[in-house]
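**Student:** Dumping the structure here so I can ask a few things about it.
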Amino acid sequence: MNETFYKIRKAFLIPLFLITVLLFLLFVISLINGQRWEIIVAAVLFLASLFACVDLVKRKITVSDQGLKIKNVFRSKEFGWQDITHLAVVVLKKKVYFLLTTTKGFYIFSNLFENHALLAGSLVNRLDEERVDMEVVRYLEQPLERLSMIVMSWIAAGIIIGVIILKISEIYI
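Here it is, written out as structure tokens:
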């Protein structure tokens, strides 16, 4: 059985993990020297980033000879190639979303997946021409990389580090 796994890019997961750790640190600092609203905001932001981090780490698409398996934190969907009815793509500047319609519902995956062009190409190769939108084939000729989310994640980590430095300097002043 030939299986290929596709996960979210590590270049995005690393700063997201760093943001989660930094928000936890900010929450702990707020517990020591913070007002109630600071503690609540830090806790909510930490929990949201923790959930997003766990969800994105567990997100995986498996392509095999039998079909496709899409796995998230809370659910896993598996369907054969005959269950897929349509594959389309929506391109919004550098954001690319692949729309996969099946007999069991529809699914969306983006270009934040590692080797997303290989994933889409693998789907195109296994599906009939009438089930693949021509825009997908055109997109695969010149796939786009989405680096803005990675850069924004590093900027967010830098901002959180700045807030932590300000909070620590408050404690010692």
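Each residue of the sequence shown is one higher than the one before, counting from 992 in the working numbering.
Cβ coordinates follow ideal geometry from the N, Cα and C atoms, glycine included.
Just so you know, these numbers come straight off a predicted model, no measurement behind them.
1) Is it right to say residue 1103 is buried, meaning 16 or more other beta carbons lie within 10 angstroms of its own, or is it exposed?
2) Going by alpha carbons, who is nearest to residue 1124 out of 1161, 1139, 1014 and 1090?
3) Excluding the five sequence neighbours on either side, which residues of its own chain have a C-beta within less than 7 Å of the C-beta of residue 1166, listed in chain order?
4) Report the partner residues of residue 1091 according to the DSSP bridge assignment.
5) Quick test of your reading: residue 1048 and residue 1004, contact by CB under 8 Å. State the CB separation rounded to the nearest angstrom.
6) Quick one, which of 1008, 1070 and 1046 has its alpha-carbon nearest residue 1054's?
7) Mapping DSSP to helix, strand and coil, what is residue 1060?
8) Could you name the residues that DSSP lists as bridge partners for residue 997?
9) With H, G and I counted as helix, E and B as strand and the rest as coil, what does DSSP make of residue 1069?
10) Does the structure place the stretch 1026 to 1037 close enough to the stretch 1079 to 1097 that three or more beta carbon pairs sit under 8 Å?
11) Quick one: residues in its chain with C-beta nearer than 7 Å to the C-beta of residue 1057, no 5 flanking neighbours on either side, listed in chain order?
12) Alpha carbon to alpha carbon, how far is residue 1006 from residue 1040? Give it in angstroms, no decimals.
**Tutor:** In terms of the structure at hand:
1) In the sequence shown, counting from the first residue as 1, residue 1103 sits at position 112. Per the 10 Å Cβ criterion, buried.
2) Within the sequence shown, residue 1124 is the residue found at index 133, counting from 1. Considering only alpha carbons, the answer is 1090.
3) What is shown of the chain runs 992 to 1164, which leaves residue 1166 out entirely.
4) Taking the first residue of the sequence shown as 1, we reach residue 1091 at position 100. Looking at the DSSP assignment, residue 1091 forms a beta bridge with 1078 and 1098.
5) For this step, residue 1048 is matched to residue 57 along the sequence shown. For this step, residue 1004 is matched to residue 13 along the sequence shown. Contact holds; Cβ gap of about 6 Å.
6) Position 63 of the sequence shown, counted from the first residue, corresponds to residue 1054. The residue with the shortest Cα to Cα distance from residue 1054 is 1070.
7) On the sequence shown, residue 1060 is found 69 positions in, with the first residue counted as 1. It is a strand residue.
8) Numbered from 1 along the sequence shown, position 6 holds the residue referred to as residue 997. Beta-bridge pairing links residue 997 to 1052.
9) Counting from one through the sequence shown, the residue named residue 1069 turns up at place 78. Three-state result, residue 1069: strand.
10) no
11) By one-based count along the sequence shown, residue 1057 stands at place 66. The answer, listed in chain order, is 1071.
12) Reading the sequence shown from its first residue, position 49 is the one you call residue 1040. Reading the sequence shown from its first residue, position 15 is the one you call residue 1006. If I take the Cα positions, the gap works out to 11 Å.
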